[in-house]
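Written below as structure tokens is the structure these notes are about.
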Amino acid sequence: MSRPTSARIDFAALRENLRTIRRQVSAARVWAVIKANGYGHGLIPVARALSEADGLAVSSLEEALLLREAGIHMPILLLEGLFEGDEIHAAYEAKLELVVHAEATLALLESTPLLWPRLWIKIDTGMNRLGFRMHEFPDAYGRIRCLSATAPGLMTHLASADQLRNPAVEEQLASFERVTRGHPGPRSLANSAAILQYPECHADWVRPGLLLFGVSPIPGQLVESMGLRPVMTFATAIMAVKRVRKGDRVGYGGVFEALQDGWIGIAAVGYGDGYPYHAPSGTPVWVGGRIVPLAGRVSMDMIAVDLGADPVSVGDPAILWGRELPVETVARHAGTIPYELLCGVAQRVRHDWVDVPEENANHAETVDRLSL
Ligand SMILES: Cc1ncc(COP(=O)(O)O)c(C=O)c1O
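For the sequence shown, my numbering gives the first residue as 1142, with consecutive numbering after it.
Now the structure itself:
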């Protein structure tokens, strides 16, 4: 028997989530954000499953070229632009759309005589991460306009769209509107949280990542009400069942103490698989049809769960997150965000793609190489 730890990826849910998001954003086009190995779901299979998107957005040339090598011809946007000057020709030949966010890249592009089909300019409207400052925008826009065959795309990123009616978001939207007024070009502002909470900024292109995977970017809010379904089920099996007596301690450091006689289950998953080490005792785990609490510290390959008075059998399924147990809930217990849990599923975890389009079978090797 091989180690039972797996990430099951449901493509039907992924495709359906994309359609649901589309209905929500009416006429806006969709950049499907699939960086970080498709948020841990597998870059190439996810890209293929999202062929109905208007384009794919990734964070590096390397990811974009893997998509092209896999025969994916959809528009691809490099969200963070180029990191080195020597990436310019490869990006151009691969027909990528670049985000230009800083003077250094703009100067590099100007020193290379190429006419790009479309470039995007990123404007820092208040997040203070990437982007031209607002006073730099008119000059940068004019220069980028000269480098591309079409009007530059106009982009910004919102720092706090996960909070409803946050004045900082309103300010960013107003700044974007003010600075870009009179400058032609498609506009893009909305990540997953903004798609849900700020419909006024759907504009021409939305950029959902997490929502595609059926996970909520809004703390304390699940996505089921929107009709979205979780795409990943992170699962394993019970590999041992132990009787414990009141006062027995379980796992490293003995931090869990049995308060009465009962049963402990050992499941084959640990931080070496991407289960969060910081998940404390009490974090929910789905075991054989019921939710039970994590018991004690997470090991590299194993966790213990408190089964109380009702043991389960070796081989019974355990689900760490998925439809049965939202990853948002596990993240909250572990003091992290669902993004980190999804992206952190380890390379050694087998990915099972369900409803995989035929051609993905040939790309299993590339995907394995890419898995985080
Ligand atoms: C510029 C940009 N747009 C969109 C996204 C997608 O964000 P989300 O997964 O919250 O939808 C990201 C992800 O971090 C991003 O960096």
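Backbone N, C-alpha and C define an ideal beta-carbon position, used for all residues, glycine too.
>> Suppose the cutoff is 6 Å on Cβ atoms and the five residues either side in sequence are ignored; what does the same chain contact list for Asp1195 look like?
In response: Arg1170 and Val1171
>> Looking at the secondary structure, which residues open and close the alpha helix (DSSP H) in which Arg1270 lies?
In response: Here Arg1270 belongs to no alpha helix (DSSP H), and DSSP marks it neither H nor E.
>> Could you check whether Arg1322 and Gly1294 sit closer than 8 Å to each other, using their CB atoms as the reference points?
In response: no
> Hey, which unbroken runs of the beta strand (DSSP E) at 3 residues or more fall wholly within the segment 1421-1446?
Replying inline: 1425-1428 and 1431-1434
>> Any beta carbon from chain D within less than 8 Å of Ser1422's own beta carbon?
In response: The structure shown contains no chain D; it is built from a single protein chain.
>> Give me, in chain order, the residues of the same chain whose beta-carbon lies closer than 8 Å to that of Gly1413; leave out the 5 immediate sequence neighbours on both sides.
In response: Met1441, Asp1442, Ala1487 and Arg1489
>> Applying the 10 Å Cβ sphere with the 16-neighbour rule, what's the burial state of Asp1265?
In response: buried
> Nearest-angstrom Cα distance between Pro1238 and Arg1156?
Replying inline: The sequence shown places Glu at residue 1238, rather than the Pro named in the question. Cα to Cα, Glu1238 sits roughly 24 Å from Arg1156.
>> Below 8 Å, how does it come out for the segment 1469-1487 and the segment 1384-1391: are there three or more Cβ pairs, yes or no?
In response: no
> Can at least three beta-carbon pairs, one atom from the segment 1311-1320 and one from the segment 1355-1368, be found at a separation below 8 Å?
Replying inline: no
> Taking the runs of the beta strand (DSSP E) that are 3 residues or longer, which of them lie wholly in the segment 1373-1422?
Replying inline: 1373-1385 and 1403-1408
> Hey, Val1428 and Gly1406 are a contact pair by Cβ (cut 8 Å); roughly how many whole angstroms apart?
Replying inline: 6 Å
> Does at least one heavy atom of ligand 1 sit under 7 Å from the Cβ of Val1174?
Replying inline: yes
> So, Ala1459 versus Ile1379, is the Cβ gap smaller than 8 Å?
Replying inline: yes
> DSSP on Ala1309, reduced to helix/strand/coil?
Replying inline: helix
>> Per DSSP, what are the beta-bridge partners of Met1296 in this structure?
In response: Lys1263 and Ser1329
> Relative to the alpha-carbon of Leu1165, which residue among Asp1496, Leu1353, Lys1383 and Arg1149 has its alpha-carbon at the smallest distance?
Replying inline: Position check: residue 1165 holds Gln in this sequence, whereas Leu was assumed. It is Leu1353 whose Cα lies nearest to the Cα of Gln1165.
>> Going by DSSP, what residue range makes up the beta strand (DSSP E) through Asp1151?
In response: Ser1147 to Asp1151
> Are Thr1246 and Leu1223 close, meaning C-beta to C-beta below 8 Å?
Replying inline: yes
>> Just verifying my parser: in three-state terms, what is the DSSP assignment at Ala1205?
In response: helix
> Roughly how many whole angstroms lie between the Cα atoms of Arg1149 and Asp1345?
Replying inline: 33 Å
> Who's in the neighbourhood of ligand 1, going by beta-carbon under 5 Å from any heavy atom, listed in chain order?
Replying inline: Val1174, Leu1220, His1298, Asn1332, Ser1333, Arg1348, Pro1349, Gly1350, Leu1351 and Pro1358
> Based on the DSSP output, what are the partners of Asp1493 in its beta bridges?
Replying inline: Arg1149
> Just to confirm, are Asp1493 and Ser1147 a CB contact at a threshold of 8 Å?
Replying inline: yes
> Per DSSP, which one or two residues make a beta bridge with Ser1289?
Replying inline: Trp1257
> Taking Cβ to Cβ, would you say Pro1417 is nearer than 8 Å to Ala1475?
Replying inline: yes
>> When you compare the CB positions of Ala1231 and Leu1202, do they come within less than 8 Å of one another, or not?
In response: yes
>> For Asp1303 and Gly1415, what's the separation of their Cα atoms in angstroms?
In response: 25 Å
> Got a sec, what are the start and stop residues for the beta strand (DSSP E) Glu1341 sits in?
Replying inline: Run containing Glu1341: none; DSSP gives neither H nor E here.
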